[in-house]
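Everything below concerns the one structure shown next.
Chains as they are written, first to last, in the numbering used here: chain A, 9 to 202; chain B, 24 to 258.
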């Protein structure tokens with residue numbers, strides 16, 4: 009049951025949401041969630057990068073295990089991610105120059121997003137096969153995208169209201185994230201049944 | 024530490040004065056990576072549910088920062104500008120691999136508690152930020168000092184956060200019970216929302232303190248201003 013696709017998907021998407029329950033990808037979560045338009049674009053690009061790099065690193069891990077070179081894991085994974093980000097950048101530039109200009113600065117930043125590195129590390133330590141890795145990557149990055157979009161929608165509302173000058177900025181965003189995270193804690197019960 | 028050369032700031036002009044002195048103290052307090060720059064949020068929130076884990080994570084990050092800052096500073100003149108980020112990341116990933124095996128060798132308990140967050144030090148934005156903003160431009164010794172200061176500042180912030188969460192969430196400090204048997208632990212503080220909210224509280228406290236200090240400094244400056252104006256009038 010614990011290895012079924014539905015379970016992996018729900019676990020990574022809701023129960024152990026990458027951002028709100030496991031604290032991964034915090035920098036971009038706090039930094040890029042001010043506007044809905046940037047948030048969903050960033051979310052979709054991260055989804056693409058995570059899915060591609062997750063599947064690629066599954067293959068590379070097989071090679072590393074065959075060569076008994078597991079100590080190179082961290083370095084190879086980060087190189088794969090950097091290459092995927094570069095690829096995504098070139099791809100978006102070719103297909104939609106307008107979108108490329110809008111994402112601009114944020115694209116290279118995906119390389120140092122820990123959620124992207126965590127997916128290959130988790131799938132290796134849990135021993136997922138290729139199909140499971142793919143489902144896990146899609147679910148985890150989907151969860152990241154959902155959390156980012158949710159927070160951006162809340163922040164757009166809060167922008168219009170009057171908050172104490174002391175709490176403006178990061179502290180307020182953290183309080184909002186805390187409340188969102190409490191809401192996601194409600195999903196924790198779904199895991200125990202499986 | 025007094026012999027080291029004066030270091031020119033690489034930050035925004037507003038902080039030039041703060042960064043102009045000792046790079047070690049600069050990282051520890053004035054430019055504290057967590058409370059001032061709000062960087063490296065993932066381990067800050069994830070690993071701080073106990074003081075011991077928080078401090079261990081801070082030390083591991085300090086080690087990586089010192090290694091990577093030193094190495095980046097050593098190769099800074101050889102690396103072409105276009106491939107510098109890739110080089111930095113390779114250097115950081117190497118340091119992190121060393122730490123990964125080091126922690127495993129020193130304490131398997133800590134290794135299990137920190138789990139996937141040790142390899143994830145690679146993606147900690149503080150390290151790349153220090154490599155790009157400081158070590159890529161400065162000599163080896165100041166760079167390593169900067170790494171040490173930033174790392175210990177990070178460890179300090181993590182320990183602050185870990186203290187709040189462990190004392191409120193479990194009623195213990197370093198595993199020692201503080202409140203006796205009648206204390207009902209506030210479990211929320213050990214769970215993810217508690218991490219967000221306690222960091223928010225720390226940030227608010229620091230902002231409040233800084234605003235107070237700024238207003239005190241402003242009122243002092245206000246009080247001092249008439250004297251030189253009078254002198255000018257006289258001359």
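Backbone N, C-alpha and C define an ideal beta-carbon position, used for all residues, glycine too. Predicted model only: the values in this text are computed from it and were never measured.
- Assignment of beta-bridge partners to residue 199(B) by DSSP yields 196(B).
- Within chain B, the residues 139 have their CB atoms less than 7 Å from the CB of residue 130(A), given in chain order.
- Residue 124(B) counts as exposed, since fewer than 16 other C-beta atoms from the protein chains shown sit within 10 angstroms of its C-beta.
- At a cut-off of 7 Å between C-beta atoms, residue 83(A) counts as an interface residue with respect to chain B.
- Contact annotation: residue 213(B) and residue 72(B) have beta-carbon atoms nearer than 7 Å.
- When Cβ pairs closer than 8 Å are counted between the two stretches, the stretch 142 to 150 of chain A is seen not to touch the stretch 78 to 96 of chain A, the count staying below three.
- Boundaries for residue 120(A): no alpha helix (DSSP H) harbours it, and the DSSP string shows neither H nor E there.
- Of all residues in the stretch 117 to 134 of chain B, those with a C-beta nearer than 9 Å to a C-beta of chain A are 117, 119, 120, 123, 124, reading in chain order.
- In the DSSP assignment, residue 78(A) falls outside any alpha helix (DSSP H) and carries neither an H nor an E.
- In this structure, residue 67(B) sits near residue 57(B), with a CB-CB distance shorter than 7 Å.
- The stretch 171 to 178 of chain A makes no contact with the stretch 201 to 209 of chain B; the number of CB pairs closer than 8 Å stays below 3.
- In the assembly as shown, residue 161(B) is a buried residue. Its beta-carbon has 16 or more other beta-carbons within 10 Å.
- In the displayed model, residue 233(B) falls within a helix according to three-state DSSP.
- The beta carbon of residue 157(A) is closer than 8 Å to those of 44, 47, 48, 51 in its chain, skipping five residues each way along the sequence.
- Taking the beta carbon of residue 219(B) as reference, the chain A residues within 8 Å of it are 182, 183, 185, 186, 189, listed in sequence order.
- Under the three-pair Cβ rule at 8 Å, the stretch 108 to 126 of chain A counts as touching the stretch 34 to 43 of chain A.
- For residue 178(A), the nearest beta carbon of chain B is closer than 7 Å to its own beta carbon.
- Here the C-alpha atom of residue 221(B) lies approximately 23 Å from the C-alpha atom of residue 141(B).
- Using beta-carbon distances, residue 64(B) counts as an interface residue toward chain A, with a partner under 7 Å.
- Against chain A, a Cβ distance below 8 Å from residue 234(B) picks out 174.
- Taking 7 Å as the cut-off, the Cβ atoms of residue 194(B) and residue 51(B) do not count as close.
- The shortest CA-to-CA distance from residue 223(B) to any of 145(A), 194(A), 54(A), 180(A) is the one to 180(A).
- Between residue 150(B) and residue 96(B), the C-beta gap is not smaller than 7 Å, which leaves the two residues out of contact.
- When Cβ-Cβ separations below 7 Å define contact, residue 34(A) makes contact with chain B.
- Closer than 9 Å at the C-beta level to chain B, one finds these residues of the stretch 146 to 175 of chain A: 173, 174, 175.
- With contacts defined as CB atoms closer than 7 Å, residue 117(A) and residue 41(A) fail to qualify as a contacting pair.
- 153(B) is the residue among 153(B), 179(B), 181(B) whose C-alpha sits nearest the C-alpha of residue 170(B).
- Look at residue 86(A): its C-beta is under 7 Å from a C-beta on chain B.
- The alpha carbon of residue 28(A) has as its nearest neighbour, out of 81(B), 69(B), 238(B), 45(B), the alpha carbon of 69(B).
- Under the 7 Å criterion on CB atoms, residue 96(A) is classed as non-interfacial with respect to chain B.
- In the structure shown, the three-state DSSP call for residue 162(B) is coil.
- With distances taken between CA atoms, residue 190(B) lies nearest to 75(B) out of 49(B), 75(B), 130(B).
- Here DSSP, grouped into helix, strand and coil, assigns residue 207(B) to coil.
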